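**Q**
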Amino acid sequence: MGTHEVVGGVVSPVHDTYGKKDLELSHHRITMLKVALRDHDWVRLSEWECRQESWSRTRQVLQYHQNQVNAALNSANNNCFDVNESDTSWIPENVKNNDVGPVKVKLLCGADLLESFGTPGLWADADIAEIVGQHGLVVITRASCNPNEFIYNSDILTSYMASIVMRSTWKILDYSQGSVLPSDFRAPASCKIQ
C-alpha cells in the first residue's frame, strides 16, 4: 500500500428497481443528496445510474464513470471538448482541465459490503474480479467486521489484495450504505494509506 491522491468523489444513487425494501424513490434521494453535498464541492452527484431503464450492476456503474473520466481527460489533452457536459457535471474541474495525472475510479464501501462478496449468489465472481481488479476498493472498517480475515479467506480478494485499501482512522465508522455524509467530511487531499 502507498500514497493515493484523492481528486474528488462521486455519489451514484442506485436505481429505483434495485429492490431494497423501503428504498426512497430516486428523485427524493437525489434531492436529499444535493442538500447533503451542497457544502462539499469535492463530492459530486451523478444521476446516471438513476436515469437507466433498470438497476445496473456495480461494475457497470464503476466502468461508466471511469469511461467518462477518461473521455474528459482525453478531451482536455486534445483541446477537444466533445464530452456531453450533462454526463460529466459530477467530474471535478481539476480532472476536466487535466490538472491531475491518470485517474482511477475506486469503490468506497464499508467492510459489510466487502463481506457481502461472500454471500452465495449475491455477486458474480467475474463482477468481484472486475470491481476489485480493474477499479479497486477503499474499505472503511467497522468494529463489527474483520475485513482482513475475510480477504485472506477469499481466493478472488487475495489475488487482488494490492487493489484494496483499508481505512480505519475515520471518526465515524458505523455509517451504512444509506447514510448521509458526516458533517466533518473534509476536502480531498493526499493521504498516506497505512
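Under UniProt numbering, think of the first position of the sequence shown as 1, with each following residue one higher.
No residue lacks a Cβ here, since even glycine has one placed at the ideal position from N, Cα and C.
Just so we're clear, the structure is a prediction, and the values are computed from it rather than from any experiment.
Start and end of the alpha helix (DSSP H) containing residue 35?
**A** The residue labelled residue 35 in the question sits at position 35 within the sequence shown. It spans 26-37 - the alpha helix (DSSP H) in which residue 35 sits, taken as one unbroken run.
**Q** Among the candidates 112, 15, 148, 120, whose CA atom is the shortest distance from the CA of residue 60?
**A** Counting from 1 along the sequence shown, the entry for residue 60 is found at position 60. Cα-wise, what sits closest to residue 60 is 15.
**Q** Tell me the DSSP secondary structure of residue 23 in three-state form.
**A** Against the sequence shown, residue 23 aligns to sequence position 23. DSSP places residue 23 in coil when its eight states are reduced to three.
**Q** With a Cβ-Cβ cutoff of 8 Å, do residue 69 and residue 109 count as a contact?
**A** Sequence index remark: in the sequence shown, residue 69 carries index 69 (1-based). Sequence index remark: in the sequence shown, residue 109 carries index 109 (1-based). Cβ atoms of residue 69 and residue 109: not closer than 8 Å.
**Q** Helix, strand or coil for residue 93, going by three-state DSSP, please let me know.
**A** Counted from its first residue, the sequence shown places residue 93 at position 93. Reduced to three states, the DSSP call for residue 93 is helix.
**Q** Throw me the rounded Cβ distance for the residue 131 and residue 17 pair, which I believe falls under 8 Å.
**A** As a first step, residue 131 is located in the sequence shown; it is residue number 131 there, counting from the start. As a first step, residue 17 is located in the sequence shown; it is residue number 17 there, counting from the start. In fact, because the Cβ distance is near 20 Å, the residues do not count as touching under 8 Å.
**Q** Please list the segments of the alpha helix (DSSP H) lying wholly inside the segment 98-174, counting only runs of 4 or more residues, in order along the chain.
**A** Those alpha helix (DSSP H) runs which fall completely within the segment 98-174 and span 4+ residues are 111-116, 125-130, 147-152, 155-159.
**Q** If the criterion is Cβ atoms closer than 8 Å, does the pair residue 135 and residue 114 meet it?
**A** Taking the first residue of the sequence shown as position 1, residue 135 is located at position 135. Taking the first residue of the sequence shown as position 1, residue 114 is located at position 114. No. Outside cutoff.
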